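Q:
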DNA sequence: CCGAAATATTACGATTGTATTACATTTGAC
DNA sequence: GTCAAATGTAATACAATCGTAATATTTCGG
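Residue numbers (our numbering), protein chains in the order written: chain Z, 1 to 220; chain G, 1 to 220.
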């Protein structure tokens, strides 16, 4: 789900329409205040206008960064201003990208996809939960000090879930991120892999939780 | 120290700012000519725009490869062009990676880290594991006090794997690091060389481990 | 509690990925 | 140029992985 925040209604409409055309879900808000009234943690990405009455886009982004629940959500700024100080301020506020108005819709879509593709999955180091550890360099999983053999697919799924504990990923989300674009696979395949992962991380099976009707998530 | 070469001032500024935010030192140049006026040998990595007035990024990379002092400095190309032939020319000119514009800043940072991690190999001294020793100066391998004849390719691969025990290197990683940039070789070639290495280090064969779907790594 | 829908589990065959061998081509020393 | 070593490719054998379908179990809404 993508959130568009802009005080120009037309821009909100155009972006929402095109995002949906590209297979994304989208919601709009016409001010930072309206955005703040929403549960921001459920968005995967925020497209954010800088110049708005009331709270500015920069300020909203800063507030998002300050909140643990939203600090990792990527933000792309939309702005007519493109002077150096604004760019710097934008990135200081935590921009993942920057698009100057007037923009082409096509360019926005490209950048959205580019940012989402890399969203919040670390590529190096380890992810830990209690005595379970996932090493991104050696691509190994350790439970209670014992190394557990994981296949590539299983590893990638656990990596994804563990990257955002508590966040629910639909089967489609998981398919989009873990599987390559060109392979076509059934939703049910995810279930099977979840079962395999649960079996392998035995003591923590219940940490891979199911949200019936929605998908899966890692439950600390 | 990382050098950013791009004729768009904004891009230079954004990248410099974010590199510094990520703990790197960075310098910028707005043309290949300006870059050449610097002492390139002190940089660990160069982010290089392809399309620039005057000397192109490709040409600058070629000149760097021709100079023994700079030939091993990794280069990441930034480019709006993304057709296959450009990719081929890029890698021929010595690219370690390739980022198409528009890019997300987060992605650039990830790739910078990835390239630096890949290329951080010691060049002198010895690498030891139990009774196996790899001498980087004489380029010889010794197992149980006996010198084992290694070919150049085999030596380089073992060197790489032994540089980061436990870290998984994909076949593409290995190809990029061990083979010359202008040589085009199949992934499967790596398999064959791994087999040859395993045979030669007999007692430690199983230390060269396979991570199916990912690549190979040295297992202490 | 009941039925329907969603999820879990299992087994198995197809697919993909890896190992090994043999062979052809290239390289380099003499 | 010749020979031997080096090295990439292709062919084949082998093994692991992964997706599907069939079946069991759980969850959800009333």
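Backbone N, C-alpha and C define an ideal beta-carbon position, used for all residues, glycine too.
Fair warning: this is a prediction, and the values are worked out from it, not measured in the lab.
Suppose only complete runs of 3+ residues qualify. What are the beta strand (DSSP E) ranges in the region 26-60 of chain Z, listed by chain order?
A: Here the runs fully enclosed are 26-29, 45-49.
Q: Rounded to whole angstroms, how far is the Cβ of residue 111 (chain G) from the Cβ of residue 96 (chain Z), which I believe are closer than 8 Å?
A: The distance from the Cβ of residue 111 (chain G) to that of residue 96 (chain Z) is about 14 Å, inconsistent with a contact at the 8 Å cut-off.
Q: Strictly under 9 Å for the Cβ-Cβ distance: is residue 4 (chain G) near chain Z by that measure?
A: no
Q: Is the CB-CB distance between residue 13 (chain Z) and residue 212 (chain G) below 9 Å?
A: no
Q: For residue 100 (chain G) and residue 64 (chain G), I'd like the C-alpha separation in whole angstroms.
A: Cα to Cα, residue 100 (chain G) sits roughly 22 Å from residue 64 (chain G).
Q: Mind reading off the beta-carbon distance from residue 121 (chain Z) to residue 163 (chain Z)? Whole number of angstroms is fine, and I expect it under 8 Å.
A: 5 Å
Q: So which residues on chain G does residue 151 (chain Z) lean against when the C-beta distance must stay under 9 Å?
A: 212, 213
Q: Does the beta-carbon of residue 221 (chain Z) have 16 or more other beta-carbons within 10 angstroms, so that it is buried, or is it exposed?
A: Summary: the structure shown does not reach residue 221 (chain Z), with chain Z confined to residues 1 through 220, and so no result is reported for it.
Q: What are the residues in the region 44-69 of chain G lying within 8 Å of chain Z by C-beta distance?
A: none
Q: Any contact between the region 159-173 of chain Z and the region 121-139 of chain Z? By contact I mean 3 or more CB pairs, one from each, below 8 Å.
A: yes
Q: Mind checking who residue 163 (chain Z) pairs with in its DSSP beta bridge?
A: Answer is none; residue 163 (chain Z) lacks a bridge partner.
Q: Just by C-beta distance, which residues in the region 153-179 of chain G are closer than 8 Å to chain Z?
A: 164, 166, 167, 168
Q: Below 8 Å, can you find three or more Cβ-Cβ pairs linking the region 36-52 of chain Z to the region 66-81 of chain Z?
A: Contact between the region 36-52 of chain Z and the region 66-81 of chain Z is present, because at least three Cβ pairs lie under 8 Å.
Q: Hey, which unbroken runs of the alpha helix (DSSP H) at 4 residues or more fall wholly within the region 142-220 of chain Z?
A: 152-163, 171-178, 188-200
Q: How many angstroms separate the CA atom of residue 56 (chain G) from the CA atom of residue 61 (chain Z)?
A: 37 Å
Q: What are the boundary residues of the alpha helix (DSSP H) that residue 119 (chain G) is part of?
A: 105-119
Q: Taking the alpha-carbon positions, what's the residue 116 (chain G) to residue 219 (chain Z) distance?
A: 34 Å
Q: Provide the residue(s) that pair with residue 79 (chain G) in DSSP beta bridges, ordered along the chain.
A: G:100
Q: Which residues in the same chain have their Cβ closer than 6 Å to the Cβ of residue 6 (chain Z), if we skip the five residues on either side of it in sequence?
A: 12, 49
Q: Got a sec, what are the start and stop residues for the alpha helix (DSSP H) residue 10 (chain Z) sits in?
A: 9-21
Q: Would you list, in chain order, the members of the region 121-134 of chain Z that have their beta-carbon closer than 8 Å to a beta-carbon of chain G?
A: 123, 124
Q: Which same chain residues end up closer than 7 Å to residue 104 (chain G) when comparing Cβ atoms and leaving out the 5 residues on each side of it in sequence?
A: none
Q: Return the CA-CA distance between residue 98 (chain Z) and residue 77 (chain G), expressed in angstroms with no decimal places.
A: 20 Å
Q: Who are residue 126 (chain Z)'s beta bridge partners in DSSP?
A: Z:135
Q: Measuring straight from C-alpha to C-alpha, what distance separates residue 262 (chain G) and residue 74 (chain G)?
A: The requested residue 262 (chain G) does not occur in the structure, where chain G is confined to residues 1 to 220.
Q: Name, please, each residue of chain G whose Cβ falls closer than 7 Å to the Cβ of residue 139 (chain Z).
A: Result: 168, 211, 214.
Q: Using the beta-carbon of each residue, which ones in chain G are nearer than 8 Å to residue 198 (chain Z)?
A: Ordered by position in chain G, no residue passes the 8 Å Cβ test against residue 198 (chain Z), which lies about 20 Å from the chain.
Q: How far does the beta strand (DSSP E) with residue 2 (chain Z) in it reach, from first residue to last?
A: 2-5
Q: Could you pull out every residue in the same chain whose Cβ sits closer than 6 Å to the Cβ of residue 80 (chain Z), ignoring the five residues on either side in sequence?
A: The residues are 101.
Q: Taking 9 Å as the CB-CB limit, is residue 192 (chain Z) close to chain G?
A: no
Q: Please compile the residues from chain G whose C-beta is within a distance smaller than 9 Å of the C-beta of residue 182 (chain Z).
A: None at all; the shortest Cβ gap to chain G is about 16 Å.
Q: Taking Cβ positions only, does residue 114 (chain G) come closer than 9 Å to chain Z?
A: yes
Q: Would you please state the rounded distance, in angstroms, between the beta carbons of residue 36 (chain Z) and residue 2 (chain Z)? I believe it to be under 8 Å.
A: In fact, because the Cβ distance is near 17 Å, the residues do not count as touching under 8 Å.
Q: Could you name the residues that DSSP lists as bridge partners for residue 70 (chain Z)?
A: DSSP output for residue 70 (chain Z) lists no bridge partner at all.
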